[in-house]
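Trainee: Going by full-length UniProt numbering, the residue at position 106 of the sequence shown is 106; the numbering climbs one at a time, nothing skipped. Shown below is the structure under consideration.
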Amino acid sequence: MQQTAPLAPDASGSSTEPPRTLELLSRLIGFDTTSDRSNLPIIDFIADYLDGQGIAYRRSFNPAGDKANIHAVIGKPGPGGLALSGHVDTVPVEGQRWTSDPFTLREDSGLLYGRGTADMKGFVASCLAAIPDIKAANLTRPVHLFISYDEEISCDGARRLIEDMAESGWKPDLCLVGEPSLLAPITGHKGRLAMRVTVRGRAGHSATPARGVNAVQAAAKAIAWVAEEERRFATQGPFVPGFDPPHSTCQVGRMGGGTGINIIADLAWFEMEWRTVPGDDFFAEVDRLRAYVAADIEPAMKAVDPDSGFAFEVLNWIPGLALPEDHPLADTVRQLTGRNSAGRVSYGTEAGLFQDAGIPAIVCGPGNINQAHQGDEWIAVSELVACDRFIRQMATRVCG
Numbered sequence: 001m002q003q004t005a006p007l008a009p010d011a012s013g014s015s016t017e018p019p020r021t022l023e024l025l026s027r028l029i030g031f032d033t034t035s036d037r038s039n040l041p042i043i044d045f046i047a048d049y050l051d052g053q054g055i056a057y058r059r060s061f062n063p064a065g066d067k068a069n070i071h072a073v074i075g076k077p078g079p080g081g082l083a084l085s086g087h088v089d090t091v092p093v094e095g096q097r098w099t100s101d102p103f104t105l106r107e108d109s110g111l112l113y114g115r116g117t118a119d120m121k122g123f124v125a126s127c128l129a130a131i132p133d134i135k136a137a138n139l140t141r142p143v144h145l146f147i148s149y150d151e152e153i154s155c156d157g158a159r160r161l162i163e164d165m166a167e168s169g170w171k172p173d174l175c176l177v178g179e180p181s182l183l184a185p186i187t188g189h190k191g192r193l194a195m196r197v198t199v200r201g202r203a204g205h206s207a208t209p210a211r212g213v214n215a216v217q218a219a220a221k222a223i224a225w226v227a228e229e230e231r232r233f234a235t236q237g238p239f240v241p242g243f244d245p246p247h248s249t250c251q252v253g254r255m256g257g258g259t260g261i262n263i264i265a266d267l268a269w270f271e272m273e274w275r276t277v278p279g280d281d282f283f284a285e286v287d288r289l290r291a292y293v294a295a296d297i298e299p300a301m302k303a304v305d306p307d308s309g310f311a312f313e314v315l316n317w318i319p320g321l322a323l324p325e326d327h328p329l330a331d332t333v334r335q336l337t338g339r340n341s342a343g344r345v346s347y348g349t350e351a352g353l354f355q356d357a358g359i360p361a362i363v364c365g366p367g368n369i370n371q372a373h374q375g376d377e378w379i380a381v382s383e384l385v386a387c388d389r390f391i392r393q394m395a396t397r398v399c400g
């Protein structure tokens with residue numbers, strides 16, 4: 001890794017570089033925490049760091065026991081205060097163009113390259129680096145640190161953390177999710193549901209199509225309906241300003257089926273998603289698709305083979321986020337970031353889950369979401385400097 005030189009002190013005499021943030025980020029980047037792998041090595045590293053700081057924490061595990069969350073509390077363990085939430089799993093690097101090892105932090109001209117720098121190990125490193133200062137501030141309410149698994153695929157880590165919170169009683173009053181937003185406050189994001197649709201037909205020779213049930217063609221009819229739904233959203237809404245686009249969306253991202261061009265396909269599948277604005281319910285949209293299939297596609301299939309038809313499997317879902325613009329948490333984040341307003345985004349986070357658990361949440365973190373999920377992912381050193389300052393100010397303002 002190219003070494004990052006310490007930044008010069010500012011006019012007040014204090015360093016403008018986050019204490020230990022870059023060192024911690026380098027260590028975090030060194031762990032390959034792609035979502036299909038165990039995250040226990042990085043969790044052990046963070047736990048050792050917390051032990052060295054004398055910080056109380058709980059671990060909670062996934063059913064297989066190969067992934068874990070950490071819920072740490074700076075101050076007296078218990079309810080109340082502010083939570084800082086980040087995930088340490090990342091998307092894969094395969095098939096992407098990297099000019100250096102994605103698991104070795106590299107600095108070049110004020111930019112830090114590596115998988116997870118923006119999404120979102122940079123925020124986690126800044127939170128860990130802030131612990132000594134937060135401890136020394138002797139705040140009147142606790143500062144919680146949530147570190148979760150599987151955000152990139154299901155947010156099941158946050159769900160498990162919420163379950164553990166109910167067991168421990170360590171429930172904060174507010175939550176700041178540090179997803180990359182260029183440190184702009186985000187008070188709303190869309191909900192998302194992903195689903196796999198499997199179609200079972202009846203095989204036969206393509207020369208006698210009436211004797212079989214073509215699963216690929218049945219799936220194609222359903223996919224065409226999804227495309228029509230996408231157009232309906234775009235033309236009829238509902239429309240919610242601030243989102244891009246300002247309406248719900250749906251799309252099919254993967255599909256497959258059939259065994260040969262001269263064989264009636266007896267199996268097909270596709271995977272799709274909805275991203276819904278407030279006012280739209282993705283479960284209701286699932287019901288609309290199921291109703292269309294049952295009324296317009298399956299009757300002809302089952303007339304030939306009663307065992308043919310569609311099966312629907314929800315893969316994962318996360319609720320949308322809708323923090324009122326005049327909520328005190330939104331006011332505080334706007335003041336500390338110098339922003340006059342808050343935004344809304346189309347990507348999802350665990351913030352909606354915390355909101356549904358009774359913890360008002362907002363998204364605000366360093367880095368640009370446009371740099372995430374691609375080769376040569378990066379975050380600017382200046383963004384970490386600003387984040388480090390912001391975290392300390394949030395802790396003091398909310399818990400002081």
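A virtual CB, placed ideally from N, CA and C, is assigned to each residue, including glycine. Here the structure is a predicted model, which is why all the values come from computation and not from measurement.
If you run the structure through DSSP and keep just helix, strand and coil, what is residue 57?
Mentor: strand
Trainee: Return the first residue and the last residue of the beta strand (DSSP E) that residue 310 is part of.
Mentor: 309 to 318
Trainee: Evaluate residue 381 with the Cβ neighbour count: other Cβ atoms within 10 Å of its Cβ, from every protein chain shown; 16 or more gives buried, anything less gives exposed.
Mentor: buried
Trainee: So, helix, strand or coil for residue 2, using DSSP?
Mentor: Residue placement at residue 2 cannot be trusted, given a pLDDT of 36 that sits under 50; what the coordinates show is reported in the next sentence. The answer is coil: DSSP assigns residue 2 none of H, G, I, E or B.
Trainee: DSSP state of residue 93, grouped into three classes?
Mentor: Judged by DSSP in its simplified three-state form, residue 93 adopts coil rather than helix or strand.
Trainee: Counting only the same chain and skipping the five closest in sequence on each side, list residues whose C-beta sits under 8 Å from that of residue 256.
Mentor: Exclusion of the five residues before and after residue 256 leaves 268, 269, 270 as the residues of its chain whose Cβ lies within less than 8 Å of its Cβ.
Trainee: Just tell me which of 294, 163, 284 has its CA closest to the CA of residue 221.
Mentor: 294
Trainee: Per the DSSP calculation, residue 188 is bridged to which residue(s)?
Mentor: 322, 344
Trainee: From residue 121 to residue 178, what does the alpha carbon distance come to, in whole angstroms?
Mentor: Approximately 10 Å, taken between the alpha carbons.
Trainee: Skipping 5 residues on each side, what residues in its chain have a beta carbon closer than 6 Å to that of residue 383?
Mentor: Here the set comprises 366, 367.
Trainee: Residue 195 and residue 71 - do their beta-carbons sit closer together than 8 Å?
Mentor: no
Trainee: Following the continuous beta strand (DSSP E) through residue 301, name the residue where it begins and the one where it ends.
Mentor: Not the beta strand (DSSP E): residue 301 falls in the alpha helix (DSSP H), residues 298 to 304.
Trainee: In whole angstroms, what separates the C-alpha of residue 84 from that of residue 108?
Mentor: 29 Å
Trainee: Consult DSSP for residue 69 and reduce its assignment to one of helix, strand or coil.
Mentor: strand
Trainee: Assign residue 244 to buried or exposed, taking buried as 16 or more other Cβ atoms, counted over all protein chains shown, within 10 Å of its Cβ.
Mentor: exposed
Trainee: What separation, rounded to the nearest whole angstrom, lies between the Cα atoms of residue 15 and residue 314?
Mentor: Low local confidence applies: a pLDDT of 43 at residue 15 is under 50, so the model's placement there is unreliable, with the coordinate-based value given in what follows. Rounded to whole angstroms, residue 15 to residue 314 spans 50 Å at the Cα level.
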